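**Q**
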Amino acid sequence: MLRLLGRSTSGNVQKVLFLLEELGTEYQREDYGRQFGNTTGPYLLLNPTGKVPTLVDG
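Quick note on our numbering: the sequence shown kicks off at 244 and runs consecutively.
1) Could you say which of M244, G301, L248 lies nearest to D274 if we only look at CA atoms?
2) For the beta strand (DSSP E) containing Q271, name the first residue and the last one.
3) In chain order, what residues of the same chain have a beta carbon less than 8 Å from the beta carbon of Y253, not counting five sequence neighbours either side?
4) Would you kindly work out how many angstroms separate the C-alpha atoms of L289 and D300, rounded to a whole number?
Shown next as C-alpha cells:
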C-alpha cells in the first residue's frame, strides 16, 4: 500500500489524491507539512527537499 505524506489543503497533495482515487489505488494519507511541523529529521531521508507531497511505497 502507498503512503501519501502531506496536508490535505496542499494543492500539490490534492493532485496526487485525485490521481490515486482515479486509479483506484489503495493508499493511506498522513498529515505532514507546515502546521504539522514534521518535515525535518527522518522525513528528510524520504524527501531531501523537505516539501510535500511525498509518496512512499510499502
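A virtual CB, placed ideally from N, CA and C, is assigned to each residue, including glycine. Only a predicted model underlies this, so the values are computations on that prediction, with no experimental measurement involved.
**A** Reading off the structure:
1) L248
2) 270-273
3) For the record, residue 253 in the displayed sequence is Ser; it is not Tyr. Correct list, in chain order: G276, V295, P296.
4) 11 Å
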